[in-house]
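Enquirer: Take a look at the following structure, please.
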Amino acid sequence: MSDPVEARGSGATDLFAGDTSTRRRRRGVIVKFGLLTALMVAVAALVTLIITILNSSFGLVAVESSRPPSELVAGLGYPPDTDLEDLTKQELVLLLGREISTNLGRRFEREQRFFDDRLVFEDPNVLNDLCMSGETPAACWLPARSRDDVQALVVERVVEPTIVGTWSFLQSTFNRGEIRAQTAVDHPEAELVFRSWLSWDFVTSPQSPVPDTAGIRTALLGSLWVVLITLVFSFPIGVGAAIYLEEYARENRLNSIIQTNINNLAGVPSIIYGMLGLAIFVRTMEVFTSGSFLSGGGGTTANGRTIVSAGLTLGLLILPLIIINAQEAIRAVPGSLRQAGMALGSTKWQTVRAHVLPNALPGILTGTILAVARALGETAPLVVVGASTFITIDPEGPFSKFTVLPIQIYQWTSRPQDEFRNIAAAAILVLLVLLLTLNTAAVLLRNRYSRRA
Amino acid sequence: MTVSLRKKRRPGEAVIRGFLFIAAALSILTTVGIVFELGKEALLFFRTEEASMAEFLSSTHWQPAILDFGIWPLVLATLTTSVMAMIVALPVGLATAIFLSEYATPRVRGLMKPILEVLAGIPTVVYGYFALTFMTPLLRSIFGVSLVEIFNTASAGIVVGILIIPLVSSMSEDALHAVPLSLREASYGVGATKLETSLRVVLPAALSGITAAFVVSISRAIGETMVVAIAAGAGPKNFTFGEDSLFGYILNPFVAGETMTGHIVRISGGDLSYNSIDYNSIFAIGLALFVITLLLNVVSRRFVARFREVYE
Numbered sequence: 001m002s003d004p005v006e007a008r009g010s011g012a013t014d015l016f017a018g019d020t021s022t023r024r025r026r027r028g029v030i031v032k033f034g035l036l037t038a039l040m041v042a043v044a045a046l047v048t049l050i051i052t053i054l055n056s057s058f059g060l061v062a063v064e065s066s067r068p069p070s071e072l073v074a075g076l077g078y079p080p081d082t083d084l085e086d087l088t089k090q091e092l093v094l095l096l097g098r099e100i101s102t103n104l105g106r107r108f109e110r111e112q113r114f115f116d117d118r119l120v121f122e123d124p125n126v127l128n129d130l131c132m133s134g135e136t137p138a139a140c141w142l143p144a145r146s147r148d149d150v151q152a153l154v155v156e157r158v159v160e161p162t163i164v165g166t167w168s169f170l171q172s173t174f175n176r177g178e179i180r181a182q183t184a185v186d187h188p189e190a191e192l193v194f195r196s197w198l199s200w201d202f203v204t205s206p207q208s209p210v211p212d213t214a215g216i217r218t219a220l221l222g223s224l225w226v227v228l229i230t231l232v233f234s235f236p237i238g239v240g241a242a243i244y245l246e247e248y249a250r251e252n253r254l255n256s257i258i259q260t261n262i263n264n265l266a267g268v269p270s271i272i273y274g275m276l277g278l279a280i281f282v283r284t285m286e287v288f289t290s291g292s293f294l295s296g297g298g299g300t301t302a303n304g305r306t307i308v309s310a311g312l313t314l315g316l317l318i319l320p321l322i323i324i325n326a327q328e329a330i331r332a333v334p335g336s337l338r339q340a341g342m343a344l345g346s347t348k349w350q351t352v353r354a355h356v357l358p359n360a361l362p363g364i365l366t367g368t369i370l371a372v373a374r375a376l377g378e379t380a381p382l383v384v385v386g387a388s389t390f391i392t393i394d395p396e397g398p399f400s401k402f403t404v405l406p407i408q409i410y411q412w413t414s415r416p417q418d419e420f421r422n423i424a425a426a427a428i429l430v431l432l433v434l435l436l437t438l439n440t441a442a443v444l445l446r447n448r449y450s451r452r453a
Numbered sequence: 001m002t003v004s005l006r007k008k009r010r011p012g013e014a015v016i017r018g019f020l021f022i023a024a025a026l027s028i029l030t031t032v033g034i035v036f037e038l039g040k041e042a043l044l045f046f047r048t049e050e051a052s053m054a055e056f057l058s059s060t061h062w063q064p065a066i067l068d069f070g071i072w073p074l075v076l077a078t079l080t081t082s083v084m085a086m087i088v089a090l091p092v093g094l095a096t097a098i099f100l101s102e103y104a105t106p107r108v109r110g111l112m113k114p115i116l117e118v119l120a121g122i123p124t125v126v127y128g129y130f131a132l133t134f135m136t137p138l139l140r141s142i143f144g145v146s147l148v149e150i151f152n153t154a155s156a157g158i159v160v161g162i163l164i165i166p167l168v169s170s171m172s173e174d175a176l177h178a179v180p181l182s183l184r185e186a187s188y189g190v191g192a193t194k195l196e197t198s199l200r201v202v203l204p205a206a207l208s209g210i211t212a213a214f215v216v217s218i219s220r221a222i223g224e225t226m227v228v229a230i231a232a233g234a235g236p237k238n239f240t241f242g243e244d245s246l247f248g249y250i251l252n253p254f255v256a257g258e259t260m261t262g263h264i265v266r267i268s269g270g271d272l273s274y275n276s277i278d279y280n281s282i283f284a285i286g287l288a289l290f291v292i293t294l295l296l297n298v299v300s301r302r303f304v305a306r307f308r309e310v311y312e
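One line per chain: the protein sequences are C and B, in this order. Using our numbering, the letters of the first sequence map in sequence onto residues 1 to 453. Using our numbering, the letters of the second sequence map in sequence onto residues 1 to 312.
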């Protein structure tokens with residue numbers, strides 16, 4: 001409230017100062033703090049949410065290995081605290097040779113050679129014969145394994161780490177001694193390490209049934225593909241509809257029905273859009289959305305449950321949001337601009353294209369970015385449309401099977417094991433960072449735009 | 001030479017206008033699509049021998065395995081989570097709105113509005129994670145592990161409430177903001193305190209807008225999916241009046257229950273073949289959900305229109 005009003009209010013109470021007014025004022029102060037508390041509840045909810053997620057994304061893990069790395073490096077004559085990272089490729093292959101059976105070694109070498117110039121496990125004649133025969137294993141034409149590849153093999157086949165316990169960040173920080181003692185009793189062989197579940201490896205590795213090595217690469221690419229289709233579909237249509245309603249539509253029954261309908265669509269639960277997508281895009285339009293109209297009936301194994309179907313479904317979902325936001329942006333363009341355009345003899349469309357749209361563009365883009373952020377976080381409609389539960393192959397195009405980041409989070413959250421909760425939290429962090437970036441972009445755009453106006 | 005004063009034909013303009021109209025009319029097509037597809041599959045469902053409209057609307061058991069299709073267990077869970085959500089969201093959201101609109105300095109408001117916007121922008125699946133990993137353990141530690149099941153409607157409902165606080169507060173604040181300054185000044189003029197002005201003058205004046213906010217929030221809570229799918233339970237809470245204890249089981253929010261939305265997600269997340277009764281049944285539930293939320297939204301729009309008429 002403005003100051004003069006405030007002054008007048010307090011002046012009035014002073015004038016009739018007495019017991020009742022003190023009590024009334026005191027009650028006012030109490031209620032004010034009550035209201036403030038409510039606001040703080042909302043803030044506390046947000047803070048708790050973020051702490052909960054950070055808390056699960058980092059923390060101690062107890063790792064039990066069938067052959068601890070310290071033993072392995074000691075076998076090579078290094079001090080036990082040497083890291084596997086410090087070994088050369090030759091030494092790693094030597095380790096592998098000592099620890100795995102020759103048969104397994106041969107199999108690995110047929111998949112891909114360890115060295116270009118010599119063979120470690122396989123007989124050169126046998127491999128030559130194989131390469132001459134029809135089978136031609138991959139080793140015949142692939143270059144030799146890299147050092148990191150060999151190290152990954154050593155970890156996977158020799159060290160064989162398994163996570164036997166995980167603790168949250170807060171537990172790890174405040175109860176470290178207790179955790180150490182308990183682990184020493186429960187898993188004497190295990191080693192306690194502090195682990196960030198969110199890592200570059202996590203972002204770039206494909207999905208895996210083992211939480212330790214699982215990543216979000218597939219889901220992240222899926223999300224980007226789906227959002228791309230959503231945007232390509234809903235942006236032109238949404239802006240077109242907004243232009244029609246604001247610039248062209250006369251006030252008649254049909255147009256008012258269209259407007260009311262758009263407002264109502266904005267309030268339809270997202271899962272209903274999922275069912276619409278399932279019925280229309282996945283089922284009725286399967287020939288198109290499965291991509292089989294391109295390949296002449298062969299198609300993919302995805303039926304209609306593809307990126308295209310998901311993108312179009314989300315496109316329908318955010319269409320009302322884009323239209324409503326774009327309408328507001330167009331409405332904010334001053335009428336004088338339109339009149340000036342018309343007075344110079346330009347047609348309606350010329351006026352819209354040259355004057356209205358450029359002026360409304362920042363507002364339209366802000367609204368679109370926020371709508372895309374909404375699409376990026378949607379889960380329920382995509383479960384209904386039929387996101388794949390487990391795929392490890394990167395999506396190749398609009399007709400691939402898909403999974404998206406929120407779906408991945410949902411699936412990991414639904415698993416009972418602790419480690420899946422940890423990677424779900426890490427995936428949530430990635431999603432929130434993406435959304436925060438989009439929202440910041442929208443806010444910056446809005447601020448720049450409103451300063452100019 | 002004569003100058004033609006007739007309007008020049010411009011076919012390009014007509015084409016553009018046509019495209020723009022089609023873009024706008026697509027929204028009608030979306031609605032028709034929703035009504036048609038949901039209606040068609042629901043009709044197929046009611047036409048089957050195993051299910052009937054009467055059973056759907058009256059039975060308190062949803063057990064597809066033995067061909068029992070009564071929507072009430074799902075509706076009951078939806079109502080429980082929605083009521084829990086409203087208990088959280090209405091007081092907090094409304095109080096926040098009153099504080100921001102009537103008490104907060106511009107600086108505080110500038111700080112708090114983005115926080116509420118962030119709260120509104122967090123994906124619902126993240127709230128689901130929050131319900132399962134924070135709210136449920138919290139409730140279990142307060143009320144006891146024996147009383148609170150791992151999956152329960154209370155935890156999901158409270159978190160849905162948190163999720164719709166920003167919706168309640170921003171819509172209510174708009175309504176409060178639309179109340180003319182003159183009303184407040186008149187109130188101060190006759191010696192009312194700030195509290196009396198806010199609660200007895202501004203609040204009643206904004207009542208229709210606030211009611212609209214409440215109704216939209218209920219609709220949002222009913223349609224909310226991921227939180228309940230993750231935290232509320234993965235099986236319909238079948239019940240029989242008389243046999244099951246009313247407060248111990250039927251209305252007990254600490255018991256697991258599957259909402260309408262939760263059921264749709266669980267069934268469609270599995271391997272679902274078209275033309276099966278399961279496939280058709282989720283469309284019947286979807287239709288019920290669509291009708292309920294649409295009605296609530298229309299009612300809310302009426303309320304908004306009323307306060308616009310008065311003050312604008």
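Ideal Cβ placement from N, Cα and C applies to all residues, glycine included.
What residue does the alpha helix (DSSP H) around I377/B start on, and which one ends it?
Expert: Lying outside 1 to 312, the shown extent of chain B, residue 377/B is not represented and no answer is given.
Enquirer: On the CB-based measure, 16 or more other CB atoms within 10 Å of its CB, does F121/C come out buried or exposed?
Expert: The residue labelled residue 121/C in the question sits at position 121 within the first sequence. Buried, since its Cβ has 16 or more Cβ neighbours within 10 Å.
Enquirer: Is the CB-CB distance between F46/B and F56/B below 8 Å?
Expert: For the purposes of this step, residue 46/B is taken as residue 46 along the second sequence, with counting starting at 1. For the purposes of this step, residue 56/B is taken as residue 56 along the second sequence, with counting starting at 1. Yes, the pair counts as a contact, with Cβ atoms nearer than the cut-off.
Enquirer: Would you please verify whether the beta carbon of T392/C is less than 8 Å from any beta carbon of chain B?
Expert: Along the first sequence, read from residue 1 onward, the residue named residue 392/C stands at position 392. By this cut-off, T392/C is not an interface position.
Enquirer: Leaving out five residues before and five after R157/C in sequence, what residues of the same chain have Cβ atoms less than 8 Å from its Cβ?
Expert: Indexing the first sequence from 1 puts residue 157/C at position 157. Closer than 8 Å at the Cβ level, and outside the excluded window around R157/C, lie L96, E99, I100, L104.
Enquirer: Mind checking the stretch 115-139 of chain B against chain C and listing, in chain order, the residues whose C-beta falls within less than 9 Å of any C-beta there?
Expert: I115, L116, E117, V118, L119, G121, I122, P123, T124, V125, V126, Y127, G128, Y129, F130, L132, T133, F134
Enquirer: To test your reading of the DSSP string, which unbroken alpha helix (DSSP H) runs of 4 or more residues are found completely within the stretch 300-387 of chain C?
Expert: 307-331, 335-343, 348-351, 357-377, 380-385
Enquirer: Quick check on A62/C: does DSSP put it in helix, strand or coil?
Expert: Residue 62/C sits at position 62 when you count from the first residue of the first sequence. It is a strand residue.
Enquirer: Can you find a CB in chain B that lies within less than 8 Å of the CB of Y410/C?
Expert: What you label residue 410/C is simply residue 410 of the first sequence in a count that begins at 1. Yes - at least one Cβ of chain B is within 8 Å of the one on Y410/C.
Enquirer: Chain C partners of T30/B, CB-CB under 7 Å?
Expert: Start at 1 with the first residue of the second sequence, and residue 30/B comes out as number 30. Residues of chain C passing the Cβ test: L265, L316.
Enquirer: Any Cβ of chain C within less than 8 Å of the Cβ of A51/B?
Expert: Against the second sequence, residue 51/B aligns to sequence position 51. A51/B does not count as touching chain C.
Enquirer: Would I271/C and V384/C be called neighbours here (beta carbons separated by less than 8 Å)?
Expert: Locating residue 271/C in the first sequence gives position 271, where the first residue counts as 1. Locating residue 384/C in the first sequence gives position 384, where the first residue counts as 1. Taking 8 Å as the Cβ cut-off, I271/C and V384/C qualify as a contacting pair.
Enquirer: With a threshold of 8 Å between beta-carbons, can G299/C be considered close to chain B, or not?
Expert: Numbered from 1 along the first sequence, position 299 holds the residue referred to as residue 299/C. Here the model assigns G299/C a pLDDT of 47, short of 50, so the residue's position is not dependable, and the following value carries that caveat. Under the Cβ criterion of 8 Å, G299/C is not counted among the residues facing chain B.
Enquirer: Just verifying my parser: in three-state terms, what is the DSSP assignment at E456/C?
Expert: Absent from the structure is residue 456/C, since the part of chain C shown begins at 1 and ends at 453.
Enquirer: Between the stretch 404-412 of chain C and the stretch 174-194 of chain C, do three or more beta carbon pairs fall short of 8 Å?
Expert: no
Enquirer: Have a look at E247/C, E286/C, L224/C, S414/C and flag the residue whose alpha-carbon is nearest the alpha-carbon of L20/B.
Expert: Walking along the second sequence from the start, residue 20/B turns up at place 20. Comparing Cα positions, the closest option is E247/C.
Enquirer: Helix, strand or coil: which one does DSSP assign to I100/C?
Expert: Here residue 100/C refers to the residue found at position 100 of the first sequence. If DSSP states are grouped into helix, strand and coil, I100/C belongs with coil.
Enquirer: What are the complete alpha helix (DSSP H) segments, minimum 4 residues, inside the stretch 15-85 of chain B?
Expert: Listed in chain order, they are 53-58.
Enquirer: Chain C beta carbons: is any one of them nearer than 8 Å to that of L195/B?
Expert: Position 195 of the second sequence, counted from the first residue, corresponds to residue 195/B. With 8 Å as the cut-off, L195/B counts as an interface residue toward chain C.
Enquirer: Quick check on S414/C - is its C-beta less than 8 Å from some C-beta in chain B?
Expert: Against the first sequence, residue 414/C aligns to sequence position 414. So, interface residue.
Enquirer: What would DSSP say about G222/C, mapped onto helix, strand or coil?
Expert: Here residue 222/C refers to the residue found at position 222 of the first sequence. Note: G222/C maps to helix in three-state DSSP.
Enquirer: Ordered along the chain, which non-local residues of its own chain (more than five positions away) have a Cβ less than 8 Å from that of E50/B?
Expert: On the second sequence, position 50 is the one that residue 50/B refers to. Taken in chain order, the residues that qualify are L67, F69, I277.
Enquirer: Quick one: list the residues of chain B neighbouring Y248/C, beta-carbon separation under 7 Å, in chain order.
Expert: On the first sequence, position 248 is the one that residue 248/C refers to. Near Y248/C (Cβ distances below 7 Å), the residues of chain B are R17, L20.
Enquirer: Just the chain B side, please: which residues come within less than 7 Å of N439/C by C-beta, in chain order?
Expert: In the first sequence, counting from the first residue as 1, residue 439/C sits at position 439. Within 7 Å Cβ-Cβ: G121.
Enquirer: For a quick check, are the C-beta atoms of I285/B and L74/B less than 8 Å apart?
Expert: For the purposes of this step, residue 285/B is identified with residue 285 of the second sequence, where counting begins at 1. For the purposes of this step, residue 74/B is identified with residue 74 of the second sequence, where counting begins at 1. Yes, they are a contact pair.
Enquirer: For V298/B and G267/C, what's the separation of their Cα atoms in angstroms?
Expert: As a first step, residue 298/B is located in the second sequence; it is residue number 298 there, counting from the start. As a first step, residue 267/C is located in the first sequence; it is residue number 267 there, counting from the start. One C-alpha to the other measures close to 10 Å.
Enquirer: Using the C-alpha atoms, what's the distance from P398/C back to G157/B?
Expert: Within the second sequence, residue 157/B is the residue found at index 157, counting from 1. Within the first sequence, residue 398/C is the residue found at index 398, counting from 1. C-alpha separation (whole angstroms): 37 Å.
Enquirer: If you draw a straight line from the C-alpha of W412/C to the C-alpha of L321/C, how long is it?
Expert: Here residue 412/C refers to the residue found at position 412 of the first sequence. Here residue 321/C refers to the residue found at position 321 of the first sequence. Those two C-alpha atoms are separated by around 30 Å.
Enquirer: Would you kindly check if the distance between the Cβ of I292/B and the Cβ of S82/B is under 8 Å?
Expert: Against the second sequence, residue 82/B aligns to sequence position 82. Against the second sequence, residue 292/B aligns to sequence position 292. Contact: no.
Enquirer: Counting only beta-carbon atoms, is A45/C nearer than 8 Å to chain B?
Expert: Indexing the first sequence from 1 puts residue 45/C at position 45. Judged by the 8 Å Cβ criterion, A45/C is in contact with chain B.
Enquirer: Against chain B, does V5/C count as a neighbour if the rule is that its beta carbon must be under 8 Å from one of theirs?
Expert: Taking the first residue of the first sequence as position 1, residue 5/C is located at position 5. Low confidence applies here, because V5/C scores a pLDDT of 44, under 50, leaving its location unreliable; read the following figure in that light. Yes, because at least one Cβ of chain B sits closer than 8 Å to the Cβ of V5/C.
Enquirer: Hey, T80/B and T153/B: beta-carbon distance below 8 Å or not?
Expert: Looking up residue 80/B in the second sequence gives position 80. Looking up residue 153/B in the second sequence gives position 153. It is a contact, given that the beta carbons lie within the stated cut-off.
Enquirer: In three-state terms, what does DSSP make of G191/B?
Expert: For the purposes of this step, residue 191/B is taken as residue 191 along the second sequence, with counting starting at 1. G191/B falls in the coil class under three-state DSSP.
Enquirer: What residues of chain C sit near L294/B, judged by a beta carbon separation below 9 Å?
Expert: On the second sequence, position 294 is the one that residue 294/B refers to. By Cβ distance, chain C contributes N264, G267, V268.
Enquirer: Nearest by alpha-carbon distance to M84/B: which of L176/B, T133/B, A221/B, A288/B is it?
Expert: In the second sequence, the residue the question calls residue 84/B occupies position 84. Here the closest residue by C-alpha is A221/B.
Enquirer: Cβ closer than 8 Å: which chain C residues qualify as neighbours of L26/B?
Expert: Residue numbering aside, residue 26/B sits at position 26 when the second sequence is read from its first letter. Within chain C, the residues near L26/B are I237, A241, L319.
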